[in-house]
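A.B. asks: Have a look at this one.
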Amino acid sequence: MRMRKWTTLQLVSELLLAVGSLSVGATGFAADIQDTTVGSAAVIIDTHAHIVRRRRGNPAANTSQALGVMNEFKVERTILLPPPFSPGNPGYGRQELESVVRDNPDRFAFVAGGESLNPMIHSVAPVNVTPKHVQRFQSEAALIVKSGAVGFGELAVEHFSSGRGGHPYESTRSDHPLLLTLADIAAQTGMPIDLHMEAVPRDMEMPDRLRKGANPERLKENISGFERLLEHNRKALIVWAHAGWDHTGERTVSLMRSLLGKHPNLYMSIKLDPRGPQRTSPFTPDGGLSPDWVALLRDFPDRFIIGSDQFFEEGNERLALARRLVDALPADIARFVASENAKRIYRLDAKSR
0 MRMRKWTTLQ LVSELLLAVG SLSVGATGFA ADIQDTTVGS AAVIIDTHAH
50 IVRRRRGNPA ANTSQALGVM NEFKVERTIL LPPPFSPGNP GYGRQELESV
100 VRDNPDRFAF VAGGESLNPM IHSVAPVNVT PKHVQRFQSE AALIVKSGAV
150 GFGELAVEHF SSGRGGHPYE STRSDHPLLL TLADIAAQTG MPIDLHMEAV
200 PRDMEMPDRL RKGANPERLK ENISGFERLL EHNRKALIVW AHAGWDHTGE
250 RTVSLMRSLL GKHPNLYMSI KLDPRGPQRT SPFTPDGGLS PDWVALLRDF
300 PDRFIIGSDQ FFEEGNERLA LARRLVDALP ADIARFVASE NAKRIYRLDA
350 KSR
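No gaps in the numbering here: position 175 of the sequence shown is 174 in numbering that gives the first Met the number 0, and each next residue is one more.
Below you can see the structure in the form of structure tokens.
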């Protein structure tokens, strides 16, 4: 069994030659944050968007629509990824997105694993993971690396159901053994992990408005396990998706500040949506920017990126709000949040060469 596992790891190591050896470290970052002009000139790199929602959608057919929306909101490039599909619900992913990117390499990149790695994680309880599970998981991750993807995702740790159309509830430990395995692969390849996780800092009741579908009545604390994942391999870059829009209301500026201060390999992508909870939004009820959010971005200017979570077949509201946020930020912060951090974290300049 060890020999078979080592063979898979060797395959990943060989793929590193194609991926390169650029480093994305939080140390050594320096940004002049004196300029207070707004960032309306900043182009956006959107690191988290979906070309379609379900497998029956046609990614290639939606490309022109996506490009039109991107042009409207000055989005230079979009990283496409599959949603975190649950076991028994086949989805689109690596093969379909690779085709879209091949036809538009200057406008799109892709992340994969939501269609393959995520079901593997949720198919086996953490205590039941065997060497065979690890080997299969490593083999699929190696295919993603070889395909030209720039990261792994979207992977779910705590994902609430909307209660509509079979939208799944997914939950597992933040330090699931297969996630720890992926952290090691991510560290070796320099490819970030895009993670969907509702913040549950303590055992708590499910919010009343979400007691529907397959959602449970109670939620288990997940921040301590998340910290163990971050600590497992400091060279693994973890992008915690959907900052600014969360269902529990617990992903506060205070929580994010604490985690960013302790974990240099933690990054966050910002999502805004006019519907749903607004308690942790960067915007105040009167439409201005939250001073606490601005202070957070000033203190960690290298750790935030745009991840609109826009489904291109369903409109443009989320991307419009991402544009509004970037335009409202001081220009020196805006350019890092809008695009510079994404280029560095996902090594997009290296991938385009």
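C-beta atoms are modelled at their ideal positions from N, C-alpha and C, and glycine is treated no differently.
Answer yes if the region 229-241 comes into contact with the region 309-326, meaning at least three C-beta pairs across the two stretches below 8 Å, and no otherwise.
C.D. replies: Flag = no, the region 309-326 and the region 229-241 do not touch.
A.B. asks: Ordered along the chain, which non-local residues of its own chain (more than five positions away) have a Cβ less than 7 Å from that of ALA155?
C.D. replies: Counting only Cβ-Cβ distances below 7 Å, and skipping sequence neighbours, we find PRO83, ASN117, GLU169, HIS195.
A.B. asks: Which residues in the same chain have their Cβ closer than 6 Å to the Cβ of MET119, if we skip the five residues on either side of it in sequence?
C.D. replies: Cβ within range, chain order: PHE136.
A.B. asks: Quick check: the Cα distance between ASP102 and ALA337, rounded to an integer number of angstroms?
C.D. replies: Approximately 24 Å between the Cα atoms of the pair.
A.B. asks: Can you give me the start and stop residues for the alpha helix (DSSP H) that TRP292 sits inside?
C.D. replies: Run containing TRP292: 290-298, per the alpha helix (DSSP H) assignment.
A.B. asks: Counting only the same chain and skipping the five closest in sequence on each side, list residues whose C-beta sits under 6 Å from that of PRO273.
C.D. replies: Contacts found: GLU316.
A.B. asks: Identify whether HIS353 lies in helix, strand or coil by the three-state DSSP scheme.
C.D. replies: The structure shown does not extend to residue 353, since the chain is modelled only from 0 through 352, so no value can be given for it.
A.B. asks: Any chance you could list the alpha helix (DSSP H) runs of at least 4 consecutive residues sitting entirely within the region 164-190, in chain order?
C.D. replies: Runs found: 176-188.
A.B. asks: Excluding the five sequence neighbours on either side, which residues of its own chain have a C-beta within less than 8 Å of the C-beta of THR247, listed in chain order?
C.D. replies: Within the same chain, THR247 has close Cβ partners GLU197, ALA198, VAL199, MET203, PRO206, LEU218.
A.B. asks: Return yes when the Cβ of ILE344 is within less than 9 Å of the Cβ of PRO104, no when it is not.
C.D. replies: Cβ distance not < 9 Å, so PRO104 and ILE344 don't count as in contact.
A.B. asks: With a threshold of 8 Å on Cβ separation, who are the neighbours of ALA182 within its own chain once the five nearest residues in sequence on each side are excluded?
C.D. replies: These residues qualify, in order along the chain: ILE192, LEU228, HIS231, ASN232, ALA235, ILE237.
A.B. asks: Counting C-beta neighbours from all protein chains within 10 Å, is the total for LYS131 16 or more, i.e. buried, or is it exposed?
C.D. replies: With fewer than 16 other Cβ atoms within 10 Å, it is exposed.
A.B. asks: Is ARG278 helix, strand or coil when you go by DSSP?
C.D. replies: Here ARG278 sits in coil by DSSP.
A.B. asks: For the region 102-151, list the beta strand (DSSP E) runs that are entirely contained and at least 3 residues long, ordered along the chain.
C.D. replies: As far as the region 102-151 is concerned, its whole beta strand (DSSP E) runs of at least 3 residues are 107-109.
A.B. asks: Looking at the structure shown, is VAL42 part of a helix, part of a strand, or coil, going by DSSP?
C.D. replies: The answer is coil: DSSP assigns VAL42 none of H, G, I, E or B.
A.B. asks: Please classify VAL126: is it buried, with 16 or more other beta-carbons within 10 angstroms of its beta-carbon, or exposed?
C.D. replies: Its Cβ having fewer than 16 others within 10 Å, VAL126 is exposed.
A.B. asks: Specify the secondary structure class of ARG201 as computed by DSSP and reduced to three states.
C.D. replies: Three-state DSSP puts ARG201 in coil, outside helix and strand.
A.B. asks: In whole angstroms, what is the alpha-carbon distance linking GLN33 and GLY150?
C.D. replies: Its pLDDT being 42, under 50, GLN33 is placed unreliably in this model, and the value from its coordinates should be taken loosely. Rounded to whole angstroms, GLN33 to GLY150 spans 33 Å at the Cα level.
A.B. asks: Starting from SER231 and walking both ways along the alpha helix (DSSP H), at which residues does that stretch end?
C.D. replies: At residue 231 the sequence reads His, which differs from the Ser that was named. Looking at the DSSP string, the run of the alpha helix (DSSP H) that includes HIS231 is 222-231.
A.B. asks: State the Cα-Cα distance for the pair GLY260 and TRP292, rounded to the nearest angstrom.
C.D. replies: Straight-line Cα distance between these residues: approximately 15 Å.
A.B. asks: Find out if the Cβ-Cβ distance for the pair ASN340, ARG297 is shorter than 9 Å.
C.D. replies: Result no, Cβ atoms of ASN340 and ARG297 do not sit closer than 9 Å.
A.B. asks: Report buried or exposed for SER358, applying the criterion of at least 16 other Cβ atoms within 10 angstroms of its Cβ.
C.D. replies: Since the first residue of the chain shown is 0 and the last is 352, residue 358 is not available in this structure.
A.B. asks: Under 8 Å by Cβ, that's how I've got LYS73 and ARG322 pegged, so tell me the actual separation to the nearest angstrom.
C.D. replies: Going by Cβ atoms, the distance from LYS73 to ARG322 rounds to 7 Å, so yes, they are a contact pair.
A.B. asks: DSSP three-state label for GLU249, please.
C.D. replies: In the structure shown, GLU249 sits in coil (DSSP, three-state: anything other than H, G, I, E or B).
A.B. asks: DSSP on ASP193, reduced to helix/strand/coil?
C.D. replies: In the structure shown, ASP193 sits in a strand (DSSP, three-state: E or B).
A.B. asks: CA-CA distance, GLU71 and VAL128?
C.D. replies: Taking the straight line joining both Cα atoms gives about 46 Å.
A.B. asks: In angstroms, rounded to a whole number, what distance separates the CA positions of ASP308 and GLN134?
C.D. replies: Cα to Cα, the separation comes out at about 31 Å.
A.B. asks: Give me the Cα-Cα distance between ALA111 and SER138, rounded to the nearest whole angstrom.
C.D. replies: Using only the alpha carbons, I get a separation of about 14 Å.
A.B. asks: Around the Cβ of GLY27, are there at least 16 other Cβ atoms within 10 angstroms (buried) or fewer (exposed)?
C.D. replies: Its pLDDT being 40, under 50, GLY27 is placed unreliably by the model, and nothing is read from it.
A.B. asks: Helix, strand or coil for ALA25, going by three-state DSSP, please let me know.
C.D. replies: Only weak support is given to the placement of ALA25: the predicted model assigns it a pLDDT of 42, under 50, and the question is left unresolved by the model.
A.B. asks: Hey, would you say TYR426 sits closer than 9 Å to VAL51, going by beta carbons?
C.D. replies: There is simply no residue 426 to check, as the chain begins at 0 and stops at 352 in what is shown.
A.B. asks: Nearest-angstrom Cα distance between THR35 and HIS158?
C.D. replies: Residue placement at THR35 is flagged as unreliable, the pLDDT there being 42, under the threshold of 50; the coordinate-derived value follows with that caveat. The alpha-carbon atoms of THR35 and HIS158 are separated by roughly 37 Å.
A.B. asks: Buried or exposed: which applies to ASP348, given that a residue is buried once 16 or more other Cβ atoms fall within 10 Å of its Cβ?
C.D. replies: Per the 10 Å Cβ criterion, exposed.
A.B. asks: Using alpha carbons as the reference points, say which of GLY275, LEU271, THR279 lies closest to ALA254.
C.D. replies: Note that residue 254 is Leu in the sequence shown, not Ala. It is THR279.
A.B. asks: So, is ALA141 buried or exposed, given that buried needs 16 or more other C-beta atoms within 10 angstroms?
C.D. replies: Per the 10 Å Cβ criterion, buried.
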